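Below is one structure, written out as structure tokens, with a few remarks after it.
Protein chains in written order, with my numbering: chain A, 1 to 114; chain B, 1 to 385.
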């Protein structure tokens, strides 16, 4: 069995604080002395929306669901949800893969195990 | 610092205006504002023009110099200002700053957008550039989607009901029905709002503003010059501006925009007033939920009380604090680069006693403009001079 996919973020070399992208300021020291860092792709849905009127580039994909996920490390990340069965405030999700164009794609833990 | 006034305002109707291009919209509004002010065109020393997506939707950059030249103001510094939907508000602020600082005596401020002859998917994509592409918008999140998330958070945190949020749309459509410049001139009902089709669940079509063409303009000058030419004029008591997270994942709290809170604190401090002294407000209702967050962030109602206040009629014309008597962006229309200046035009008419949906005895007005999902905000406080 392959290990679950993880998400690459950045960590402050001084404080250990996590930020999403290279160039971000550390929330503690405001410096940007960062190194790549892998985090678990598991977390819960903070809020979700199902897009019915999409931008042109995804015209053929609607409706699709976008979720704001809080990862176990406390970082928040925006991603797609596979299907919409698991959408719900507080629902558990895990990273399925990172799409090169769409970014992180999550799957609902409940619908996965069911 | 010098006292600054608005000597005149002008605005096109907001809506689908197929006979006017982006430059004509801007020049129409500017000429109307200049005529309203009575100040000779030759006295205008600078132009600040708010515009968000003219390059994308109207294939036109370098908009400010084009507009200046068409107005016969060739040679003056002409600057386009962009901060998504707060572009117009920030253009006004720049006019205010240069006059109060003594750099210019008379400045023309305008905002414009041309959006209706473009397919909806392309407009949706253009508006989404106000979000963080690398972190969030590439997922396919849209602007309605971002505010759908804010709506969920507000409902979950404060128990705000679907009907309370819909009441914003009903109130603003009622107001728009009486505003001759408004795109929507027809009332709606709670039932119609909550049964309209989904744009981005749980947000529906009647929670959204229309796609609009339009322009608005104001002549900003020293209070002395305004008194000489214009009767009546309106004083700009304060101008506040703030910025905040562009990405929702960077927000500490999804139910408040720090950019608005900061701009409001600055403006109230400058004006020396507290929120309770505001008689009428035009706030950035880019979606129904945005109006509730705005009136809470501006301190016009207590935190979490926005839904209750609108449902109780406190923000209706004739209520304790009328909000968006123009119809707001939802009913008046939302030509994004123009909206911030359009609000100020409406407030000037309110403070001169000339507005549609006139608020009786209005002496202090507040205009709030928001860019992106909290990326930028301005707050201006105006007073009857």
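Just so you know, even glycine gets a beta-carbon here, dropped at the ideal spot from N, CA and C.
These numbers come from a predicted model, not from an experiment.
For residue i, which of helix, strand or coil comes out of DSSP?
i	result
residue 281/B	strand
residue 32/B	helix
residue 37/B	helix
residue 390/B	Summary: the structure shown does not reach residue 390/B, with chain B confined to residues 1 through 385, and so no result is reported for it.
residue 386/B	For chain B, the structure presents residues 1 to 385; residue 386/B sits outside this window and is missing.
residue 16/A	coil
residue 315/B	coil
residue 364/B	strand
residue 288/B	helix
residue 59/B	coil
residue 107/A	strand
residue 66/B	helix
residue 27/B	helix
residue 87/B	helix
residue 78/B	strand
residue 10/B	strand
residue 374/B	coil
residue 295/B	helix
With 16 as the cutoff for other CB atoms within 10 Å, does residue i come out buried or exposed?
i	result
residue 186/B	exposed
residue 1/B	exposed
residue 191/B	exposed
residue 357/B	buried
residue 113/A	Here residue 113/A scores only 47 on pLDDT, less than 50, and its place in the model is too uncertain to base an answer on.
residue 346/B	buried
residue 89/A	exposed
residue 136/A	Only positions 1 to 114 of chain A appear in the structure, and residue 136/A is not among them; the question remains open.
residue 37/B	buried
residue 3/A	exposed
residue 80/A	buried
residue 101/B	exposed
residue 32/A	exposed
residue 62/B	exposed
residue 28/B	buried
residue 320/B	exposed
residue 388/B	Since the first residue of chain B shown is 1 and the last is 385, residue 388/B is not available in this structure.
residue 439/B	There is simply no residue 439/B to check, as chain B begins at 1 and stops at 385 in what is shown.
residue 269/B	exposed
residue 104/A	buried
residue 97/A	exposed
List, in order along the chain, the chain B residues whose C-beta lies closer than 8 Å to that of residue i?
i	result
residue 52/A	197, 198, 199, 200, 201
residue 79/A	139
Assuming residue i and residue j make a contact with CB atoms under 8 Å, what is their CB distance in whole Å?
i	j	result
residue 293/B	residue 218/B	That belief does not hold up - the Cβ atoms of residue 293/B and residue 218/B are roughly 26 Å apart, past 8 Å.
residue 112/B	residue 338/B	5 Å
residue 85/A	residue 108/A	6 Å
residue 348/B	residue 382/B	7 Å
residue 309/B	residue 295/B	7 Å
residue 223/B	residue 4/B	7 Å
residue 106/A	residue 69/A	6 Å
residue 84/B	residue 372/B	5 Å
residue 128/B	residue 139/B	Going by Cβ atoms, the distance from residue 128/B to residue 139/B rounds to 10 Å, so no, they are not a contact pair.
residue 394/B	residue 260/B	Residue 394/B lies beyond the range of chain B shown here (1 to 385); nothing can be said about it.
residue 344/B	residue 380/B	6 Å
residue 66/A	residue 51/A	6 Å
residue 386/B	residue 171/B	Because residue 386/B is not part of the residues shown, which for chain B are 1 to 385, the question remains open.
For residue i, which residues in chain A fall below 7 Å Cβ to Cβ?
i	result
residue 138/B	101, 102, 103
residue 134/B	21
residue 115/B	Correct list: empty, because the minimum Cβ distance to chain A is about 15 Å.
residue 148/B	49
residue 244/B	Ordered by position in chain A, no residue passes the 7 Å Cβ test against residue 244/B, which lies about 15 Å from the chain.
residue 159/B	Neighbours of residue 159/B on chain A: none; closest Cβ ~13 Å, over 7 Å.
residue 254/B	47
So with CB distances below 8 Å, who are the chain A contacts of residue i?
i	result
residue 121/B	53, 54, 55, 56, 59
residue 124/B	53, 54, 55, 56
residue 145/B	49, 51, 66
Residue i versus chain A: which residues are under 9 Å apart at the beta carbon?
i	result
residue 142/B	49, 51, 53, 54, 55, 66
residue 128/B	55
residue 304/B	Chain A residues near residue 304/B: none, gap ~17 Å exceeds 9 Å.
residue 365/B	Within 9 Å Cβ-Cβ: nothing; residue 365/B doesn't reach chain A, min ~34 Å.
Which residues in chain B sit within 9 Å of residue i, going by Cβ to Cβ distance?
i	result
residue 89/A	152, 153, 156
Counting only Cβ pairs nearer than 7 Å, list the residues of chain B close to residue i.
i	result
residue 76/A	249
Give a yes or no on whether 8 Å exceeds the smallest Cβ distance from residue i to chain C.
i	result
residue 27/B	Considering every chain present, this structure includes no chain C. Its protein chains are A and B.
- Item | Entirely enclosed alpha helix (DSSP H) segments - the segment 144 to 210 of chain B, minimum 4 residues | Those alpha helix (DSSP H) runs which fall completely within the segment 144 to 210 of chain B and span 4+ residues are 162 to 177, 190 to 195.
- Quick one: which unbroken beta strand (DSSP E) runs of 3-plus residues sit fully inside the segment 21 to 93 of chain A? Chain order, please. With a minimum length of 3 residues, the continuous beta strand (DSSP E) runs that stay inside the segment 21 to 93 of chain A are 34 to 40, 42 to 51, 64 to 71, 76 to 81.
- Query: Taking only runs of the alpha helix (DSSP H) that begin and end inside the segment 104 to 145 of chain B, which ones reach a length of at least 4 residues, in chain order?
  - Reply: Segments of the alpha helix (DSSP H) lying fully in the segment 104 to 145 of chain B: 120 to 127.
- Runs of beta strand (DSSP E) wholly within the segment 215 to 256 of chain B (minimum 3 residues, chain order): Here the runs fully enclosed are 234 to 243.
- Length-filtered (3 minimum) beta strand (DSSP E) runs lying within the segment 330 to 362 of chain B: As far as the segment 330 to 362 of chain B is concerned, it has no whole beta strand (DSSP E) run of at least 3 residues.
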